[in-house]
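Peer 1: Per this note's numbering, residue 642 is the first one in the sequence shown, and the count goes up by one each step.
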Amino acid sequence: MVVFACCIPVKGAKRSTICDLQRETFDFIPNVLYTILTEYRSKKLLQIMQFCGDDNLEMLEQYLNFLIVNEYIFFSDEPDRFPSMSLDWRSPHDVTNSLIDFDEKTSHNMKLIVSELESVRCPMVQLRFYYSPSSQYLHEVLKNFEGSGIRTVELIIKYDDLLDANVLMNLLNLYRRVSTIFVTSTPKARELKHEPSGSRIIFRKEVVDSPQCCGTISLNNFRVNVPMFTESQKFNSCLNRKVGIDSRGNIKNCPTSTETFGSLDEISLAEVVKTKSFQKVWNISKDMISICKDCEFRHVCTDCRVLVPGEFSKPAKCKYDPYSASWEK
Numbered sequence: 642m643v644v645f646a647c648c649i650p651v652k653g654a655k656r657s658t659i660c661d662l663q664r665e666t667f668d669f670i671p672n673v674l675y676t677i678l679t680e681y682r683s684k685k686l687l688q689i690m691q692f693c694g695d696d697n698l699e700m701l702e703q704y705l706n707f708l709i710v711n712e713y714i715f716f717s718d719e720p721d722r723f724p725s726m727s728l729d730w731r732s733p734h735d736v737t738n739s740l741i742d743f744d745e746k747t748s749h750n751m752k753l754i755v756s757e758l759e760s761v762r763c764p765m766v767q768l769r770f771y772y773s774p775s776s777q778y779l780h781e782v783l784k785n786f787e788g789s790g791i792r793t794v795e796l797i798i799k800y801d802d803l804l805d806a807n808v809l810m811n812l813l814n815l816y817r818r819v820s821t822i823f824v825t826s827t828p829k830a831r832e833l834k835h836e837p838s839g840s841r842i843i844f845r846k847e848v849v850d851s852p853q854c855c856g857t858i859s860l861n862n863f864r865v866n867v868p869m870f871t872e873s874q875k876f877n878s879c880l881n882r883k884v885g886i887d888s889r890g891n892i893k894n895c896p897t898s899t900e901t902f903g904s905l906d907e908i909s910l911a912e913v914v915k916t917k918s919f920q921k922v923w924n925i926s927k928d929m930i931s932i933c934k935d936c937e938f939r940h941v942c943t944d945c946r947v948l949v950p951g952e953f954s955k956p957a958k959c960k961y962d963p964y965s966a967s968w969e970k
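1) What separation, rounded to the nearest whole angstrom, lies between the Cα atoms of Tyr816 and Glu795?
2) Taking just the CA atoms, how far does Lys934 sit from Glu759?
3) Take Glu787 as the anchor and find which of Ser756, Val808, Val761, Ser775 has the nearest alpha-carbon.
4) Buried or exposed: where does Asp729 fall if 16 or more other Cβ atoms within 10 Å of its Cβ makes it buried?
5) Are there 16 or more other CB atoms within 10 angstroms of the CB of Leu860, so buried, or fewer, so exposed?
6) Inspect the beta-carbon positions of Val884 and Val736 and report whether they are closer than 8 angstroms.
7) For Arg946, count neighbouring C-beta atoms within 10 Å of its own C-beta (all shown protein chains included) and say buried if the count is 16 or more, exposed if not.
8) Give me the DSSP bridge partner(s) of Trp968.
9) When the distance is taken between beta carbons, is Lys958 closer than 8 angstroms to Thr857?
10) Just curious, the beta strand (DSSP E) that Cys693 is in, first and last residue?
11) By the DSSP assignment, the beta strand (DSSP E) with Lys799 in it spans what residues?
12) Take Asp668 as the anchor and find which of Phe938, Lys893, Leu783 has the nearest alpha-carbon.
13) How is the beta strand (DSSP E) around Leu813 delimited, first residue to last?
14) What residues are listed by DSSP as bridge partners for Glu832?
15) In this structure, how does DSSP classify Asn881 when only helix, strand and coil are distinguished?
16) List the DSSP bridge partners of Val766.
17) Could you say if the segment 902-922 and the segment 845-854 meet the contact criterion of at least three C-beta pairs nearer than 8 angstroms?
18) Can you have a look at His734 and say buried or exposed, based on whether 16 or more other CB atoms are within 10 angstroms of its CB?
19) Are the segment 645-661 and the segment 674-681 touching, with three or more C-beta to C-beta distances below 8 angstroms?
20) By a C-beta neighbour count over all protein chains shown, 10 Å radius and 16 as the cutoff for buried, is Asp802 buried or exposed?
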């Protein structure tokens with residue numbers, strides 16, 4: 642039996658998952674099937690049957706049918722010719738993503754911010770507005786990214802009648818680095834796609850009016866893909882190589898954090914991100930965190946190290962219990 646390299650089982654306390662990193666989906670599987678897929682991969686069918694025992698052959702047949710139909714496994718006389726996928730994670734960027742906060746009193750020097758982000762080779766930025774900025778102000782902010790080394794920009798803005806779909810589509814027409822605009826506190830959830838770029842405007846009912854609104858853990862936020870899965874093996878799935886700039890220009894691991902590493906007007910990002918104190922949270926992986934280490938979702942779940950009761954506690958907004966495999970209401 643050979644498990645497709647992109648299909649990786651993850652064991653939880655009560656049940657397991659098998660993550661298809663190519664299709665970016667997952668299925669739940671019982672823990673006994675996790676054992677078969679990991680300890681008996683590359684074994685002959687007869688050996689698997691002996692492990693299960695005569696009384697469980699019908700169950701084994703059901704498991705194998707499930708795995709074959711969903712294209713998780715295949716059979717080969719030369720299983721050693723199909724090695725497992727490497728789970729090493731590497732990045733050429735000193736910082737892989739940045740989160741920048743804005744409120745109605747913010748006076749960011751965006752030219753300086755973009756320059757500093759370029760100095761650490763940051764390719765992706767999310768701009769999080771806790772109010773409804775004017776269209777003119779959005780233009781003033783976004784024009785600073787034109788011609789820069791930053792490839793992707795996301796916006797989170799609060800709903801306002803003046804920021805209708807036509808205004809937002811015009812932003813996508815003018816600023817091709819903008820990949821997604823999330824509009825929060827909207828009366829009706831919907832999604833619009835910008836052609837031909839594929840950029841999107843996503844209207845959500847959820848309220849995002851302060852830094853405390855982040856850190857929510859839910860099935861809708863899971864990301865089943867190679868970068869997420871491999872990075873989470875040894876690094877923090879949220880804060881690794883992230884830079885946060887709060888609404889007052891302070892440098893943080895995340896804008897929600899209370900710990901600051903200085904003001905962007907006084908110290909460079911390149912200096913900050915090289916310090917051991919700033920990088921400390923980068924190396925807190927899910928396998929080190931209480932409860933999370935027993936969760937079948939740990940390698941597809943974004944981890945919040947800011948809103949936690951203790952350094953190695955599970956995220957405060959996580960309502961999932963891996964020991965009962967249930968979500969709190």
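Ideal placement from N, C-alpha and C gives every residue a C-beta, glycine not left out.
Keep in mind the model is a prediction, meaning the values are calculated, not measured.
Peer 2: From the atom records:
1) Using only the alpha carbons, I get a separation of about 11 angstroms.
2) Across the structure, Glu759 and Lys934 are spaced so that their CA atoms are roughly 35 angstroms apart.
3) It is Ser756.
4) It counts as exposed.
5) Exposed: under 16 other Cβ atoms inside 10 Å.
6) Judged by beta-carbon spacing, Val736 lies within the 8 angstroms limit of Val884, meaning their Cβ atoms are closer than that value.
7) By the Cβ-count criterion, Arg946 is buried, with 16 or more other Cβ atoms from all chains shown falling within 10 Å of its own Cβ.
8) Beta-bridge pairing links Trp968 to Tyr961.
9) A contact, by the Cβ cut-off of 8 angstroms.
10) Careful: Cys693 lies outside any beta strand (DSSP E), inside the alpha helix (DSSP H) at 686-693.
11) It spans 793-799 - the beta strand (DSSP E) in which Lys799 sits, taken as one unbroken run.
12) Relative to the Cα of Asp668, the nearest Cα in the group Phe938, Lys893, Leu783 belongs to Phe938.
13) For Leu813, there is no enclosing beta strand (DSSP E); the enclosing alpha helix (DSSP H) covers residues 806-815.
14) Ile843, per the DSSP bridge assignment.
15) Looking at Asn881 - three-state DSSP - the assignment turns out to be coil, as it is neither helix nor strand.
16) In DSSP, Val766 forms a bridge with Ser739, Val794.
17) Three or more Cβ pairs closer than 8 angstroms define a contact, and the segment 902-922 falls short of that threshold against the segment 845-854.
18) Exposed, since its Cβ has fewer than 16 Cβ neighbours within 10 Å.
19) With a cut-off of 8 angstroms, the segment 674-681 and the segment 645-661 count as touching, because enough Cβ pairs lie within range.
20) When all chains shown are included, Asp802 counts as exposed.
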